[in-house]
Amino acid sequence: MIIHPRTLRIEYGKTTKVMCVVGTELTVNIDRSAPPSSKYFSVQCSPRVQYRISPPPLESGTLPTSLNGNTMLLFTMDTASEVGNDSKLSVMYYGEKTEVLGKAVVHLTAVEISLDVDADRDGQVERNNPNKGSWMWGPNGHGAILLVNCDSEHTYGKRRDSERAEVSRVSDLKDMSPMVLRTSGPAKLPEGYKLTMHISQGDAESVRVFRTRSTAGMHQTLKNLFYKSFVKDYPLVLGSEDLSKEVPYLGGNAEMNFYVEGLRFPDKDFEGLISISLSLLEPSSQGFPETPIFTDRVVFRVAPWIMTPNTLNPLEVFVCSTSDNYQFLKGMRRLVENSGYKLKVCHEYMNRGDRWMQDEIEFGYIDSPHQRFPVVLDSPRDGELQDFPYDVLLGPDFGYVTRTAYDEEVSSLDSFGNLEVSPPVIVNGKIYPLGRIIIGVAFPTATKGRNMTKVVQDFLWAQKVQEPIALFSDWLLVGHVDEFMTFVPAPDKKGFRLLLASPDAGYKLFRGLQNDGHGQAKMFDESPTTNGPSGVSTGRSSRKRRCSTRISGHGRRSSTGEDPGLNQGSVAAQRSSRNRGNRGNRGSNSRSSSCSGRGCTTWRNGHGRTYWMVKDPGISLEIIVAPKPSWRQQKQRGGIMRS
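In this text, residue positions in the sequence shown follow the UniProt record's numbering: the first is 1, and each later residue adds one.
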């Protein structure tokens, strides 16, 4: 709440009408309003009015109070008015002999105004939370959470809902954060007074506000039915073209519902904090703008895009179908069905020969107390699979986000085999309950090394809750971190193990085979390399197979972290304004699998990855999954924000 100091000028012999907000204080300089020769004054008021005198008078009792040259009268109202001018305050002035010299009267109309959000993150919009105008991280933190509306309620002709400056379906309101304007007072405001909602120019590209259309006073007449057919039920209040707009005052004890829509994720140039204000304006002289006499403010933070670790249980398995992997798909389908999961196949007409699902997409999720859904992060790699995340995955309650490297060259390190996340860890006493993002980069002193594009790194760092770790991976031909490290579940207190590949051990293995007389043996029956979708050699064995899976958690995992289960339900992410007509051809980037089709195969799900290990190469597969943590185990692992 922002209280604007108000100094009121009153005159003896006149009545002044004043509009005020419950709980705000008005100040009157008694001496400046006094008739000549005034020595004393007294104050009388209605029961709803409270006042005090500054400095406090030395006299006590019922005698008039002495004027001291700078006597200030401060008064306020503690309840809203039922009708206009229903409360009064009067100041009586006296001369040397306490004779009455004049009287000034103030008629007061009070309204109660509160712009409310879910500041305590319990899923309910409470009334006038004292912390609604600020934001703090942590389980004991406060402040409302805003989701980026990056899914699509439309299945055909779809666009992300954030690209539509309208509420086309009521179901879209679930993806927005609720905000309520609560008012109490007379049936209407005094003439010239009005309520306005406003945002800053800096926030205008990051948020929209819709409201429920007021139907007060509308009857089912033909005229009103015609009106309703052409006026949206949820009109746009604030956006990039409307930084300020008047909102209706409904009168009496009333509530008006607003819906706040996030438009972009935190990034290098956007911390993620958004403020929305509501002001009561008082009319000024003709030709001058209205004056704000009261402002209430709420603060939101845009929920970050959160990756999920490999140790979580899968929900769906995504895999590409190509002309040469029929037997692979057959075995995979049987394995997935026997494990109780869903298999989704990206057919060749969609993947166009690009089987590297893991390199094209990364699953994550966004979360708030009122809504959660998966979001896929689309790599700037943009191989032949580039249309899959937008055309297939984007949909109702499944979001989409990408970052486009307009001014940077895209390399193999921009494929998302080079983007991983650890399970929850503690580092030097600091808890990371959502784990830490891991990316591969060039050696710090290298002048010509490959790196993940800056635009993607900036996006990952800006999410804050999974502070990235950069590892040297450019020493590899393809250069992905998942080629030499991964996390697997473990049945102990830690819950996971880090597996690291050893080039030295591999070298010794091949040297031993050579010494045993197998130096001329082929490692694979087929050609050791295949061409990527753009004819670029990828250095990948045609026997290597990748797929991607999405997981859903059983325990509630909130970006607000109050119920900190590690099985973070569904996947999620955001993408900067992706123009479907201007994707640009960034070329194909290669990546190497960490294991061949005769070694082990890694499946990526929407929340991360689970591991499928070949027990008898080429014949059977075994799935290793993390056990579902108990509620108590989940609770002990802490949280980032309070949900």
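No residue lacks a Cβ here, since even glycine has one placed at the ideal position from N, Cα and C.
Nearest neighbour of residue i, chosen from the options [CA to CA]
{"i": "residue 359", "options": "389, 349, 417 and 309", "result": "417"}
{"i": "residue 348", "options": "514, 321 and 424", "result": "321"}
{"i": "residue 85", "options": "331, 115, 48 and 113", "result": "48"}
{"i": "residue 76", "options": "58, 63, 163 and 106", "result": "106"}
{"i": "residue 503", "options": "521, 476 and 488", "result": "476"}
{"i": "residue 374", "options": "175, 409 and 517", "result": "175"}
{"i": "residue 127", "options": "104, 178 and 151", "result": "178"}
{"i": "residue 26", "options": "15, 459 and 293", "result": "293"}
{"i": "residue 197", "options": "181, 206 and 187", "result": "181"}
{"i": "residue 207", "options": "496, 516, 324 and 243", "result": "243"}
{"i": "residue 389", "options": "372, 426 and 346", "result": "346"}
{"i": "residue 268", "options": "464, 500, 12 and 67", "result": "464"}
{"i": "residue 131", "options": "138, 119, 125 and 140", "result": "119"}
{"i": "residue 279", "options": "511, 372, 386 and 291", "result": "291"}
{"i": "residue 38", "options": "68, 186 and 209", "result": "68"}
{"i": "residue 89", "options": "98, 82 and 103", "result": "103"}
{"i": "residue 150", "options": "450, 96, 330 and 261", "result": "261"}
{"i": "residue 94", "options": "395, 42 and 277", "result": "42"}
{"i": "residue 478", "options": "411, 445, 239 and 195", "result": "411"}
{"i": "residue 315", "options": "285, 342 and 309", "result": "342"}
{"i": "residue 446", "options": "473, 429, 466 and 283", "result": "473"}
CB contact check: residue i to chain B, cutoff 9 Å
{"i": "residue 16", "result": "Any reference to chain B falls outside this structure, which holds one protein chain only."}
DSSP beta-bridge partners of residue i
{"i": "residue 458", "result": "Answer by DSSP bridge pairing: none, since residue 458 is not bridged."}
{"i": "residue 438", "result": "420 and 469"}
{"i": "residue 306", "result": "365"}
{"i": "residue 299", "result": "275"}
{"i": "residue 245", "result": "197"}
{"i": "residue 294", "result": "280"}
{"i": "residue 69", "result": "Looking at the DSSP assignment, residue 69 forms no beta bridge with any residue, so it has no partner."}
{"i": "residue 40", "result": "66 and 94"}
Run of the alpha helix (DSSP H) containing residue i, from where it starts to where it stops
{"i": "residue 336", "result": "326–338"}
{"i": "residue 351", "result": "348–351"}
{"i": "residue 358", "result": "357–360"}
{"i": "residue 507", "result": "503–513"}
{"i": "residue 30", "result": "30–33"}
Cα-Cα separation between residue i and residue j, rounded to whole angstroms
{"i": "residue 488", "j": "residue 365", "result": "21 Å"}
{"i": "residue 431", "j": "residue 424", "result": "8 Å"}
{"i": "residue 413", "j": "residue 153", "result": "33 Å"}
{"i": "residue 91", "j": "residue 113", "result": "28 Å"}
{"i": "residue 184", "j": "residue 376", "result": "44 Å"}
{"i": "residue 28", "j": "residue 307", "result": "58 Å"}
{"i": "residue 645", "j": "residue 456", "result": "Beyond the ends of the chain as shown, which are 1 and 643, falls residue 645; an answer cannot be given."}
{"i": "residue 190", "j": "residue 32", "result": "27 Å"}
{"i": "residue 259", "j": "residue 200", "result": "18 Å"}
{"i": "residue 313", "j": "residue 352", "result": "30 Å"}
{"i": "residue 164", "j": "residue 232", "result": "14 Å"}
{"i": "residue 588", "j": "residue 325", "result": "With a pLDDT of 36 at residue 588, under the threshold of 50, the modelled position of this residue cannot be trusted, and the question is left open."}
{"i": "residue 212", "j": "residue 117", "result": "16 Å"}
{"i": "residue 235", "j": "residue 74", "result": "41 Å"}
{"i": "residue 108", "j": "residue 50", "result": "12 Å"}
{"i": "residue 100", "j": "residue 57", "result": "20 Å"}
{"i": "residue 17", "j": "residue 87", "result": "10 Å"}
{"i": "residue 162", "j": "residue 506", "result": "49 Å"}
{"i": "residue 12", "j": "residue 55", "result": "22 Å"}
{"i": "residue 395", "j": "residue 23", "result": "47 Å"}
{"i": "residue 136", "j": "residue 494", "result": "29 Å"}
{"i": "residue 276", "j": "residue 491", "result": "47 Å"}
{"i": "residue 409", "j": "residue 448", "result": "12 Å"}
Where the beta strand (DSSP E) through residue i begins and ends
{"i": "residue 254", "result": "254–262"}
{"i": "residue 104", "result": "100–116"}
{"i": "residue 50", "result": "49–54"}
{"i": "residue 198", "result": "194–198"}
{"i": "residue 145", "result": "144–146"}
{"i": "residue 426", "result": "425–427"}
{"i": "residue 430", "result": "430–432"}
{"i": "residue 76", "result": "72–77"}
{"i": "residue 88", "result": "87–94"}
Nearest-angstrom beta carbon gap, residue j and residue i [assumed within contact, 8 Å]
{"i": "residue 237", "j": "residue 110", "result": "Residue 237 to residue 110, Cβ: 26 Å. No contact."}
{"i": "residue 652", "j": "residue 369", "result": "The shown model of the chain, from 1 to 643, leaves out residue 652, and the question about it has no answer."}
{"i": "residue 420", "j": "residue 482", "result": "6 Å"}
{"i": "residue 439", "j": "residue 468", "result": "6 Å"}
{"i": "residue 441", "j": "residue 470", "result": "5 Å"}
{"i": "residue 401", "j": "residue 302", "result": "That belief does not hold up - the Cβ atoms of residue 401 and residue 302 are roughly 12 Å apart, past 8 Å."}
{"i": "residue 329", "j": "residue 336", "result": "That belief does not hold up - the Cβ atoms of residue 329 and residue 336 are roughly 10 Å apart, past 8 Å."}
{"i": "residue 299", "j": "residue 115", "result": "At roughly 11 Å, the Cβ-Cβ gap does not stay under 8 Å, so residue 299 and residue 115 are not in contact."}
{"i": "residue 64", "j": "residue 15", "result": "Wrong, their Cβ atoms sit about 21 Å apart, outside the cutoff."}
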